[in-house]
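J.:
Protein chains in written order, with my numbering: chain A, 10 to 123; chain B, 19 to 132.
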């Protein structure tokens, strides 16, 4: 079974600084998709960024970017110019290319210090 | 508004009771997924429906059941409730492709069993 591991239960960053959240996954598939979701205190699950495994280029969405290392099965999220509104739980998720459900990691709680 | 509607938002009930959680997917989405999030934990996949048919099952208890109706809305039934069933229950939907672009989540139903 596929597993997703987030080894940092909690992280903190100073406002305007950069932080990187780690994620590793275990799979024998070659075609799959990876996601980062944000869960603020409102508990709403918000898609931050996605990456297709067959694309070598790392995905970016404004201040959010990923470092996708397929051979190492690593998918880290970098948040640049951190803002107070970035404080949330961040979940890494994986799914194969078939119609299979998303598998989530246990999450990393990010605090942003003013 | 994500387009996925979950009702009720909050539910308080006693042990041994039965409740029904409702989800209306985003317009045009055929797949519905149910997830359980216990306090400060990751999201655990329960069950998936696609166009009215069950597609995948996760760690769903026998006391729990679900269905997707012809109008594509879905219901999750939880019976013989126990204190440990207290959690946030999310419904998510995805496009025909099975979620290659991620899922759209509802705002969740917070269930408290007392």
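The beta-carbon is built from N, C-alpha and C at its ideal position, and this holds for glycine as well.
For residue 71 of chain B, which residues of its own chain have a beta-carbon under 6 angstroms away from its beta-carbon, when the five flanking residues on both sides are left out?
T.: none
J.: Based on the DSSP output, what are the partners of residue 41 of chain A in its beta bridges?
T.: Bridge partners of residue 41 of chain A according to DSSP: A:105.
J.: Residues of chain A with a CB under 7 angstroms from the CB of residue 118 of chain B: which are they?
T.: 42
J.: Is the beta carbon of residue 22 of chain A less than 8 angstroms from the beta carbon of residue 85 of chain A?
T.: no
J.: Which of the three DSSP states, helix, strand or coil, is assigned to residue 111 of chain A?
T.: coil
J.: Assuming residue 82 of chain B is part of the beta strand (DSSP E), what are its boundary residues?
T.: Residues 82-86.
J.: For the stretch 50-69 of chain B, which residues have a CB atom closer than 7 angstroms to at least one CB atom of chain A, in sequence order?
T.: 51, 59, 60, 61, 63, 66, 68
J.: How long is the line joining the alpha carbons of residue 88 of chain B and residue 69 of chain B, rounded to whole angstroms?
T.: Put simply, the backbone Cα of residue 88 of chain B is about 8 angstroms away from that of residue 69 of chain B.
J.: Using 8 angstroms for Cβ pairs, my map puts residue 99 of chain B next to residue 126 of chain B. What's the rounded Cβ distance?
T.: About 17 angstroms separates the beta carbon of residue 99 of chain B from that of residue 126 of chain B, a gap too long to meet the 8 angstroms contact definition.
J.: With DSSP as the reference, label residue 89 of chain B as helix, strand or coil.
T.: coil
J.: So residue 51 of chain B is in the beta strand (DSSP E); what residue range does that whole segment cover?
T.: 49-55
J.: Is the Cβ-Cβ distance between residue 122 of chain A and residue 28 of chain A less than 8 angstroms?
T.: No. Outside cutoff.
J.: Use the C-beta contact count for residue 56 of chain B: other C-beta atoms within 10 angstroms, 16 or more gives buried, fewer gives exposed.
T.: exposed
J.: Hey, could you find the ends of the beta strand (DSSP E) residue 41 of chain B is sitting in?
T.: 37-42
J.: What does the Cβ neighbour count give for residue 58 of chain A, buried or exposed, with the cut at 16 atoms within 10 Å?
T.: buried
J.: So what's residue 103 of chain B in DSSP terms, helix, strand or just coil?
T.: helix
J.: Rank A:16, A:38, A:78 by C-alpha distance to the C-alpha of residue 107 of chain A and give the top, closest one.
T.: A:38
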